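The structure appears below as structure tokens.
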């Protein structure tokens, strides 16, 4: 479970933004987490809540938007959503595909007061 | 008053920055870097021991051995002839990150090094999120594990370039099907270079050694023999 480490990275980035932006209260942190990012949203929420308890980020909500996996076929150029983890081009059946979306782990925006 | 503040920043941007610096430094020195990942007990240390014993005279190898506790793996690698072995004891953390690797590399004289092996903590989930500046991830599984592991850990198999199936001397002793594991891996990642080996008997390792030497040559900009 590395979600606690991930939560700490999020806290560090948000803390820096709070200093920079001069706002005192963060109500929500909106994340975009790819289905292939290796992060479990539930464990991340748990880790975040544990790590922010009794800090100025205590009570801030993690809002996680899960991003589906998409890939681009190198053989025919077709772009498709990867269903059930089959990395196979539905158009030409090639397995030579690049993942274009779904590996990311991003802080999208904050809702502040 | 409530307002939205756009951030658009990668959560692991600090790690990625350090990893990029490692990658650039290794590229300048033309050092091939491989990040070995697997469940505990698949044979990462055994593969490195074999590689040290066989190629130790021909390749200058630096090894970083990550462990949650103990320096046992690092000691095994030193006994196998590793001249530059450095342990990273994470003290509970389930993965290596680029900061830990940077700290070790900063203290090493890498002059003349051909290959850097980073043996990650035994874990197929967490290490997939952390770029360490490697050229490739090498994922291992052994025939005493489930042959559905590529499907269970797609993030890791998708990010890996090389797939080593270890303990093939034990095939038939469990329900592990070689054809099945390869099909499962192919479904997740069709571009994996695959090796079937036994680090106990040595079977299949010749192809791994050849591949490794070819990759070292490619990194140095030399056309390897046989390619």
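Residue numbers (the numbering used here), protein chains in the order written: chain A, 222 to 334; chain B, 238 to 464. Beta carbons are placed, not taken as given, at the ideal position from N, Cα and C, and that holds for glycine. The structure presented is a predicted model; accordingly, all values stated were derived computationally and were not measured.
Identity of the residues DSSP links to residue i by a beta bridge
{"i": "residue 368 of chain B", "result": "None; residue 368 of chain B has no bridge partner."}
{"i": "residue 379 of chain B", "result": "B:403"}
{"i": "residue 270 of chain B", "result": "B:353"}
{"i": "residue 324 of chain B", "result": "B:302"}
{"i": "residue 285 of chain A", "result": "A:252"}
{"i": "residue 301 of chain A", "result": "A:292"}
{"i": "residue 433 of chain B", "result": "B:402"}
{"i": "residue 247 of chain B", "result": "A:327"}
{"i": "residue 241 of chain B", "result": "A:332"}
{"i": "residue 373 of chain B", "result": "B:271"}
{"i": "residue 319 of chain A", "result": "A:293"}
{"i": "residue 247 of chain A", "result": "A:333"}
Cross-chain neighbours of residue i in chain B, by beta carbon under 8 Å
{"i": "residue 331 of chain A", "result": "241, 242, 244"}
{"i": "residue 248 of chain A", "result": "239"}
Contacts that residue i makes with chain A (C-beta to C-beta distance below 7 Å)
{"i": "residue 356 of chain B", "result": "In chain order: nothing, as chain A lies at least about 17 Å away."}
{"i": "residue 331 of chain B", "result": "222, 223"}
Any C-beta of chain A under 8 Å from that of residue i
{"i": "residue 270 of chain B", "result": "no"}
{"i": "residue 425 of chain B", "result": "yes"}
{"i": "residue 249 of chain B", "result": "yes"}
{"i": "residue 277 of chain B", "result": "no"}
{"i": "residue 428 of chain B", "result": "yes"}
{"i": "residue 392 of chain B", "result": "yes"}
{"i": "residue 388 of chain B", "result": "yes"}
{"i": "residue 305 of chain B", "result": "no"}
{"i": "residue 362 of chain B", "result": "yes"}
Chain-ordered neighbours of residue i on chain A, where CB pairs are closer than 8 Å
{"i": "residue 366 of chain B", "result": "223, 227, 258, 259, 260, 326"}
Neighbour flag for residue i against chain B, beta carbons, 8 Å
{"i": "residue 307 of chain A", "result": "yes"}
{"i": "residue 285 of chain A", "result": "no"}
{"i": "residue 230 of chain A", "result": "yes"}
{"i": "residue 334 of chain A", "result": "yes"}
Residue j beta carbon less than 8 Å from that of residue i
{"i": "residue 232 of chain A", "j": "residue 328 of chain A", "result": "no"}
{"i": "residue 263 of chain B", "j": "residue 256 of chain B", "result": "no"}
{"i": "residue 327 of chain B", "j": "residue 305 of chain B", "result": "yes"}
{"i": "residue 403 of chain B", "j": "residue 435 of chain B", "result": "yes"}
{"i": "residue 259 of chain B", "j": "residue 369 of chain B", "result": "yes"}
{"i": "residue 306 of chain A", "j": "residue 391 of chain B", "result": "yes"}
{"i": "residue 423 of chain B", "j": "residue 347 of chain B", "result": "no"}
{"i": "residue 400 of chain B", "j": "residue 431 of chain B", "result": "yes"}
{"i": "residue 290 of chain B", "j": "residue 330 of chain B", "result": "no"}
{"i": "residue 303 of chain B", "j": "residue 325 of chain B", "result": "yes"}
{"i": "residue 238 of chain A", "j": "residue 242 of chain B", "result": "yes"}
{"i": "residue 371 of chain B", "j": "residue 272 of chain B", "result": "yes"}
{"i": "residue 334 of chain A", "j": "residue 246 of chain A", "result": "yes"}
{"i": "residue 248 of chain B", "j": "residue 230 of chain A", "result": "yes"}
{"i": "residue 227 of chain A", "j": "residue 260 of chain A", "result": "yes"}
Contact set between residue i and chain B, taken where Cβ atoms lie within less than 7 Å
{"i": "residue 279 of chain A", "result": "Per Cβ cutoff of 7 Å: no residues; residue 279 of chain A is ~18 Å from chain B at best."}
{"i": "residue 320 of chain A", "result": "395"}
{"i": "residue 242 of chain A", "result": "242"}
Per-residue contacts from residue i into chain B (C-beta, under 9 Å)
{"i": "residue 316 of chain A", "result": "423, 424, 426, 427, 428"}
{"i": "residue 238 of chain A", "result": "242, 244, 246"}
- Message: For the structure I just gave you, are there three or more beta carbon pairs, one from the stretch 290 to 304 of chain B and one from the stretch 314 to 330 of chain B, closer than 8 Å?
- Response: yes
- Item | Contact between the stretch 272 to 285 of chain B and the stretch 355 to 362 of chain B (3+ Cβ pairs under 8 Å) | Yes, the stretch 272 to 285 of chain B is in contact with the stretch 355 to 362 of chain B.
- Query: Using 8 Å as the Cβ pair cut-off and three pairs as the minimum, do the stretch 245 to 265 of chain B and the stretch 332 to 339 of chain B touch?
  - Reply: yes
- contact_flag[the stretch 282 to 291 of chain A, the stretch 238 to 255 of chain A] where n(CB pairs < 8 Å) is 3 or more: yes
- If we count Cβ pairs, one from each stretch, closer than 8 Å, do we get three or more for the stretch 359 to 378 of chain B versus the stretch 269 to 276 of chain A? no
- Query: Hey, is the stretch 305 to 322 of chain A in contact with the stretch 420 to 434 of chain B, meaning 3+ C-beta pairs nearer than 8 Å?
  - Reply: Yes, since at least three Cβ pairs between the stretch 305 to 322 of chain A and the stretch 420 to 434 of chain B fall closer than 8 Å, the two stretches touch.
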